[in-house]
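Undergrad: Quick note: the sequence shown uses full-length UniProt numbering, first residue 1, plus one each step. The following block contains the structure, expressed as C-alpha cells.
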Amino acid sequence: MRAAQAAASLRRAISSGHYRPGDQLREVDMARLLGISRNTLRESFALLTSDGLVVHEPNRGVFITSPTVADVRDLYAARMVLEPAALRWGTGLRVELLSGLVEEAEAAYARGDMTAVAQVNQQFHQEIVAGSGAELLAHTMQQFLARMRLVFLSAERLNPDFHARFIEDNRAVVTALAQGDNARAAEVMHATLGKTCEVVVELVGGE
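The following block contains the structure:
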C-alpha cells in the first residue's frame, strides 16, 4: 500500500511539472522525501515504470522518461478513442463544470499565466473522461495525462503559448454539449486531438 501511495504522490508531482524529462530520481533523496524505505521506493519505481513515467538505466539509476515522437503518436491515438467516446456516450458529463474550466483558462490566458492555462486544460480533459461514469477509464486517463505532461513540458519549452491555442476548441466542445449535441462535441474533440498531435510531433520531433 505504501508503495502505491508513494507512486501516486510521484505521479502527481510529474503531472504538475515538478519533474522534467531526463531528471534523475536519486534513491536516497527520494526515499527521504517520501518517508519510505528504499525497498518500498523501488516498488514505487516499478509501478511508475509500468506507467511509462520513469525508466531504469542499469548502473545509472532511475530517470523521468523523455517522450519520443512514437510515444506522442501512441498517446494521442489512445486519447482520440477515449475522449470522443466519453463525450458521445458519457452518463456523468458536467457541462457547467466544463464551461467553468474554459472560463478559468480564458482568464488565465488574459493575465498571461500560461502555467495555469496548461493545468486547467489538463483538468478539462480529465473531467471529460470522468464524465464517462467509468472509474477505470478515469484512472487510465490520469496515467495518460501524467505521461502527456512530460510531452507538454517539451512543447511548452519551445512554445510557451502552446496550450492557449486550444481554449477556443474546448469552448466549442462545451457549446455543443450545452446544445445537447454530444455527437458534435465528440467530432470537435477528435479533430482537436488530431490537430494537437501533429503540432506536438512537430515541436518534439524538431528538438
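Glycine included, C-beta positions come from ideal geometry on N, C-alpha and C.
Output the distance between the C-alpha atoms of Gly180 and Val173, rounded to the nearest integer angstrom.
TA: Approximately 11 angstroms between the Cα atoms of the pair.
Undergrad: Compare the C-beta of Asp74 against all C-beta atoms of chain C and say whether one is closer than 8 angstroms.
TA: No chain C appears in this structure, which consists of one protein chain only.
Undergrad: Go ahead and label Asn170 buried or exposed: buried means 16 or more other beta carbons lie within 10 angstroms of its beta carbon, across all protein chains shown.
TA: Label assigned to Asn170: buried.
Undergrad: Output needed for Val200: all residues of its chain with C-beta closer than 7 angstroms, excluding positions within five of it in sequence on either side, in chain order.
TA: Val72, Val151 and Ala155.
Undergrad: On the premise that Gly92 lies in contact with Gly131, defined as a C-beta separation below 8 angstroms, what is that separation, rounded to the nearest angstrom?
TA: About 5 angstroms; that satisfies the 8 angstroms criterion.
Undergrad: Can you tell me the Cα-Cα spacing of Arg111 and Glu57, whole angstroms?
TA: Straight-line Cα distance between these residues: approximately 42 angstroms.
Undergrad: Can the beta-carbon of Val69 be found closer than 8 angstroms to that of Phe63?
TA: No, they are not a contact pair.
Undergrad: Using 8 angstroms as the Cβ pair cut-off and three pairs as the minimum, do the stretch 77-89 and the stretch 186-199 touch?
TA: The stretch 77-89 vs the stretch 186-199: in contact.
Undergrad: Are there 16 or more other CB atoms within 10 angstroms of the CB of Ser37, so buried, or fewer, so exposed?
TA: It is exposed - the Cβ of Ser37 has fewer than 16 other Cβ atoms within 10 Å.
Undergrad: For Ile14, which of helix, strand or coil comes out of DSSP?
TA: Of the three classes helix, strand and coil, the one that applies to Ile14 here is helix, per DSSP.
Undergrad: Using the three-state DSSP reduction, which class does Gln179 fall into: helix, strand or coil?
TA: Note: Gln179 maps to coil in three-state DSSP.
Undergrad: Please confirm whether Leu34 and Leu41 have their CB atoms less than 8 angstroms apart.
TA: Yes.
Undergrad: Measure the C-alpha to C-alpha separation of Leu98 and Ile128 and round it to an integer number of angstroms.
TA: Computed Cα separation, rounded: 8 angstroms.
Undergrad: For Phe166 and Arg20, what's the separation of their Cα atoms in angstroms?
TA: Approximately 23 angstroms between the Cα atoms of the pair.
Undergrad: Counting only runs that start and end within the stretch 115-203, where is the alpha helix (DSSP H) found for 4 or more residues in a row?
TA: The stretch 115-203 contains these whole alpha helix (DSSP H) runs: 135-158 and 167-178.
Undergrad: When you compare only the Cα positions, how much space is there between Arg184 and Val95?
TA: The alpha-carbon atoms of Arg184 and Val95 are separated by roughly 14 angstroms.
Undergrad: Which residue from Gly61, Leu75, Thr65 and Glu43 puts its Cα closest to that of Glu198?
TA: Per the Cα distances, Leu75.
Undergrad: Thinking C-alpha only, which one of Gly17, Arg157 and Trp89 is nearest Leu203?
TA: Out of Gly17, Arg157 and Trp89, Arg157 has the C-alpha closest to the C-alpha of Leu203.
Undergrad: Rounded to whole angstroms, what's the CA-CA distance from Asp22 to Leu10? Just pull it up for me.
TA: Checking the sequence shown, residue 22 turns out to be Gly, not Asp. Going from the Cα of Gly22 to the Cα of Leu10 covers about 15 angstroms.
Undergrad: Tell me whether Leu41 sits in a helix, a strand or coil according to DSSP, three-state version.
TA: Looking at Leu41 - three-state DSSP - the assignment turns out to be helix.
Undergrad: Between the alpha carbons of Ala107 and Asn159, how many angstroms are there, rounded?
TA: Ala107 and Asn159: Cα-Cα distance of roughly 19 angstroms.
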